[in-house]
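The structure appears below as structure tokens.
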Amino acid sequence: MTLFNTCFRALVNIAVIIISIIFLFRINITPAIVMIAFILVYSPIIALLLKKQITLQEQYVNARQKALGIINDSISNIFGIKIIGNILNEFKYKLTPAITRWKDWDKKTRQFDAYFVDNADTLLVTIMVAVQIYLLSYLFKSGQISPGGFAFVAMVTLNLHSVLDSFLENLLFNINPAIATAKASFSFINVTKDTLDSTNATPLSNVRGDIKFENVTFSYSGSETEVLKQLSVHIEPSQRIGIVGTSGAGKTTFVKCLLRYFDVKSGRVLVDDQPINTIQQESLRANISVIPQDITMFHRSILENLQLAKYDASLDEIKDACKKARVHDDIIRMPQGYDSIVGERGVKVSGGQRQRIAIARAILKNAPILILDEATSALDTPTEKLIQESLNDMLETNKATTIVIAHRLSTLLHMDRILVIEHGKIIEDGSHQALLKLNGAYKSLWDSQVGGFL
Ligand SMILES: Nc1ncnc2c1ncn2[C@@H]1O[C@H](COP(=O)(O)OP(=O)(O)O)[C@@H](O)[C@H]1O
Ligand SMILES: [Mg+2]
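Each position in the sequence shown, counted from 1, maps to that position plus 3 in this note's numbering.
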């Protein structure tokens with residue numbers, strides 16, 4: 004039943020009680036006063052119990068949401084858990100306790116309903132009915148009420164029990180749980196306060212790909228640590244930028260701020276001189292392609308996974324992009340070619356293939372800004388070489404402003420400019436040659452890698 008129907012039914016119940024009392028007054032004032040006195044005692048006691056019940060319901064809803072979250076998490080990470088070989092422990096330490104807590108709160112709530120709310124209700128109503136019947140017989144005997152009046156008051160009194168029952172049942176099983184769920188969901192929404200479009204946000208059009216960070220300071224919510232500190236940089240249209248820095252320096256955070264996954268604490272981020280918090284988010288992200296280290300693949304066909312980048316792409320266009328990304332041959336060797344279904348979270352597609360599919364997606368999307376965030380770091384050297392070739396092809400043919408975050412400096416040799424980020428700041432900025440001459444952080448990184456990777 005919808006909440007609207009439920010509330011409507013509760014209102015009808017209240018109306019029935021009020022109308023009954025009005026009629027009682029017309030027949031005889033004493034039973035009417037008894038009824039009002041009963042309501043005055045009954046309502047606050049039941050209200051108190053119902054308030055307590057809501058807090059129990061809230062605990063129950065929280066426990067349920069946590070348990071479902073863990074189930075969801077365990078299932079979607081089953082592959083990782085299997086690899087670690089800890090599936091039994093995952094059940095033992097995470098899943099089972101969460102489900103037990105869920106069941107416990109369910110039991111507590113039900114017990115509270117049965118023991119307290121139900122019994123209090125029965126006790127109070129029984130006392131009221133007894134008093135009313137006793138009073139009626141007295142009034143009847145002393146001739147203060149007619150037989151018809153007697154029958155009416157008796158009927159109203161007995162009927163009140165069923166009206167109250169249905170009212171309470173409604174509150175306990177429909178309205179209270181709905182309030183508890185709404186409260187729990189609301190607190191969840193509050194926790195993950197999202198970045199929203201301002202009402203006058205505008206879309207981006209004819210993007211040149213100019214990117215500016217002006218004194219940007221950023222920390223993740225709930226943390227004091229400034230991950231980006233007064234960071235300023237200007238990346239011109241079609242420039243190719245490499246970013247290096249130790250892990251945890253803030254490189255991925257830099258990208259997330261550009262995509263406006265989070266709002267910055269102070270300073271501004273601009274694309275084509277437009278502050279990104281005045282751009283419609285959909286439009287901002289439609290103009291940026293990102294190839295991350297972990298590629299998301301859906302449990303759909305390869306073709307559908309490619310169409311994510313461009314829903315109206317023709318099959319020829321998609322095949323062409325896959326050829327450029329050097330993944331076409333891999334796909335046609337799969338059992339159903341482009342119609343092969345990708346396993347749960349893409350387990351049947353190797354890491355290298357996923358990266359090339361991501362490149363094919365970026366080629367299809369053809370966005371004016373392209374970002375690679377350690378896209379090839381997790382791959383073995385031969386696979387990385389293959390991907391590097393396809394990337395270089397892509398970079399040669401498109402005019403996108405490109406940001407490549409990489410561990411291996413050799414992959415950044417063709418970049419126009421390299422930024423070295425440390426502790427949320429750009430500490431060096433210049434071409435490969437210029438940075439080598441600086442004899443600083445970049446030079447020492449270069450010296451430490453030169454033997455191994457060139
Ligand atoms: N979602 C997050 N919440 C809180 N801290 C985070 C989050 N993501 C990253 N961090 C922290 O921010 C810092 C920078 O992270 P990141 O930008 O991912 O570094 P990089 O990409 O350079 O390795 C790290 O100290 C990391 O622990
Ligand atoms: Mg990173």
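All C-beta atoms in this analysis are idealised placements derived from N, C-alpha and C, irrespective of residue type, glycine included.
| Check | Outcome |
| --- | --- |
| Segment limits, beta strand (DSSP E) that includes N218 | I214 to F221 |
| Spatial neighbours of Q68 in its chain, beta-carbon cut-off 7 Å, leaving aside the 5 residues before and after | A187 |
| Whole-angstrom distance between N92 and N218, CA atom to CA atom | 47 Å |
| Where V229 sits in the DSSP three-state scheme | Before going on, a small fix: residue 229 reads as Glu here, not Val. Reduced to three states, the DSSP call for E229 is coil. |
| Rounded Cβ spacing between M418 and V407 (contact assumed at less than 8 Å) | 7 Å |
| Heavy atom of ligand 1 within 7 Å of G251 beta-carbon | yes |
| Endpoints, the alpha helix (DSSP H) within which T202 is located | No alpha helix (DSSP H) holds T202; DSSP gives it neither H nor E. |
| Rounded Cβ spacing between L287 and F257 (contact assumed at less than 8 Å) | No, L287 and F257 are not in contact; Cβ-Cβ is about 15 Å, not under 8 Å. |
| Endpoints, alpha helix (DSSP H) assigned at S77 | I32 to S79 |
| Close Cβ partners of I366 (< 7 Å) along its chain, the five nearest in sequence each way excluded | A324, K327, A328 and M397 |
| Limits of the unbroken alpha helix (DSSP H) element including S165 | P150 to N173 |
| Y63 classed as buried or exposed, judged by whether at least 16 other C-beta atoms fall within 10 angstroms | buried |
| Those residues which DSSP pairs with G433 across a bridge | I421 |
| 8 Å CB neighbourhood of Q391 in its chain, flanking five on each side removed | T379 and T414 |
| Y223 beta carbon near ligand 1 (any heavy atom closer than 7 Å) | yes |
| Sequence ranges, alpha helix (DSSP H) only - wholly within the region 243-283, length at least 4 | 254-261 |
| Residue closest to R12, alpha-carbon to alpha-carbon, out of L167, R271, I335 and A316 | L167 |
| Other residues of its chain near G253: CB distance less than 7 Å, five sequence neighbours each side excluded | V230, L231, I424 and G427 |
| S286: CB within 7 Å of a non-hydrogen atom of ligand 1 | no |
| Reduced DSSP category for H410 - H, G, I as helix; E, B as strand; rest coil | coil |
| Exposed unless 16 or more other CB atoms sit within 10 angstroms - verdict on T195 | Note that T195 scores 49 on pLDDT, short of 50, meaning its location in the model is unreliable and no value can be drawn from it. |
| D432 versus V236: straight-line alpha-carbon distance, rounded | 9 Å |
| Coarse secondary structure for S292, derived from DSSP in three states | strand |
| Continuous alpha helix (DSSP H) stretch holding L375: start and end | Unbroken run through L375 is the beta strand (DSSP E), I372 to D376; no alpha helix (DSSP H). |
| Inter-residue spacing [alpha-carbon to alpha-carbon] between T255 and N442 | 26 Å |
| For S343, three-class secondary structure by DSSP | coil |
| Stretch pair the region 47-59 + the region 172-184: three plus CB contacts closer than 8 Å | yes |
| Any non-hydrogen atom of ligand 2 closer than 7 Å to D376 Cβ | yes |
| Beta carbon of K313 nearer than 8 Å to that of K402 | no |
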